[in-house]
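As C-alpha cells, the structure follows; a few thoughts come after it.
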Amino acid sequence: MPALYSFVALTFCIDASKRVLLVQESKPDCRGRYYVPAGRGETGEDPLRLAWRVTLEKTGLEVDPFGIVGIEHNPPIGQYPGQLRVFVVAQALDGLPKRTEDEHSMGAVWVPHEDVRGLKLRSEDFLPWLDDLIQGTQPLLPAAFWRTLGGPR
Numbered sequence: 570m571p572a573l574y575s576f577v578a579l580t581f582c583i584d585a586s587k588r589v590l591l592v593q594e595s596k597p598d599c600r601g602r603y604y605v606p607a608g609r610g611e612t613g614e615d616p617l618r619l620a621w622r623v624t625l626e627k628t629g630l631e632v633d634p635f636g637i638v639g640i641e642h643n644p645p646i647g648q649y650p651g652q653l654r655v656f657v658v659a660q661a662l663d664g665l666p667k668r669t670e671d672e673h674s675m676g677a678v679w680v681p682h683e684d685v686r687g688l689k690l691r692s693e694d695f696l697p698w699l700d701d702l703i704q705g706t707q708p709l710l711p712a713a714f715w716r717t718l719g720g721p722r
C-alpha cells in the first residue's frame with residue numbers, strides 16, 4: 570500500500586544582498602531548470618534536519634535552519650497521496666555552491682531575487698512564499714516552533 574502522505578522541506582537561503590540560493594535540477598523530467606533546495610523526508614526526519622540535508626546534498630553548502638515561513642497541506646485525492654510541505658528559512662554558512670553535477674543536482678547558484686522569475690524554473694509554486702519572505706509580509710516562526718511528538722522540548 571502506498572504512503573498516504575509525503576513530507577517535503579523547501580529551503581529558502583537568502584543572503585544580505587537578497588540573492589536566493591537555487592539548485593539547477595539534474596532529474597530527466599526537469600533537467601537544467603531551477604528550484605529552491607527541496608526534497609522528501611525519510612522516516613522520522615524533521616523538517617529542519619531535512620532542509621539541512623537536502624540543501625547540503627543539492628548545493629554543497631551547509632546551512633543553519635532558523636525559521637519556518639509556511640506550511641502547506643495538500644490532502645490525498647483519490648489514488649494520489651497527500652503532501653505536507655514545510656518552507657524552511659536558513660542561513661548559508663561559509664563556502665561556495667557546488668559547480669559539479671552529481672545525482673542530486675547539476676549545481677547551485679546565488680540569484681538576485683528580482684532575476685528569479687526570468688529563469689527557467691522547475692515550478693513557480695514557491696514564488697509566493699519567497700516573495701512574502703523577501704517583502705516581510707509573512708511572519709517567520711522560529712525554528713523552535715517545530716517539535717516532533719515525543720522529542721525534546
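Using my numbering, the first residue of the sequence shown is number 570, and each one after it goes up by one. Glycine included, every Cβ here is placed at the ideal spot set by N, Cα and C.
Would you tell me roughly how many angstroms separate the C-alpha atoms of residue i and residue j, rounded to the nearest one?
i	j	result
residue 634	residue 603	21 Å
residue 642	residue 694	13 Å
residue 712	residue 688	30 Å
residue 773	residue 657	Coverage of the chain is limited to positions 570 through 722, which leaves residue 773 absent and any answer about it impossible.
residue 640	residue 682	21 Å
residue 692	residue 686	10 Å
residue 591	residue 672	16 Å
Residues in its own chain within less than 7 Å of residue i by CB, not counting five upstream and five downstream?
i	result
residue 667	628, 629, 676 and 677
residue 796	This structure cannot settle anything about residue 796, because the visible part of the chain is limited to 570 through 722.
Look at residue i and residue j and say whether their C-beta atoms are less than 8 Å apart.
i	j	result
residue 574	residue 652	yes
residue 655	residue 616	yes
residue 661	residue 598	no
residue 723	residue 623	Outside the modelled stretch of the chain, which goes from 570 to 722, sits residue 723, for which no answer is possible.
Decide if residue i is buried, meaning its Cβ has at least 16 other Cβ atoms within 10 Å, or exposed.
i	result
residue 674	buried
residue 665	exposed
residue 696	exposed
residue 608	buried
Return the Cβ separation of residue i and residue j in integer angstroms, given the expectation that the two are a contact with Cβ distance under 8 Å.
i	j	result
residue 581	residue 702	6 Å
residue 714	residue 637	6 Å
residue 540	residue 680	The structure shown does not extend to residue 540, since the chain is modelled only from 570 to 722, so the question has no answer here.
Ignore the nearest five residues each way along the sequence and tell me which others in residue i's own chain have a CB closer than 8 Å to its CB.
i	result
residue 600	594 and 675
residue 709	636, 637, 638, 658 and 702
residue 614	576 and 622
residue 669	676
Which same chain residues end up closer than 6 Å to residue i when comparing Cβ atoms and leaving out the 5 residues on each side of it in sequence?
i	result
residue 619	578 and 610
residue 625	631
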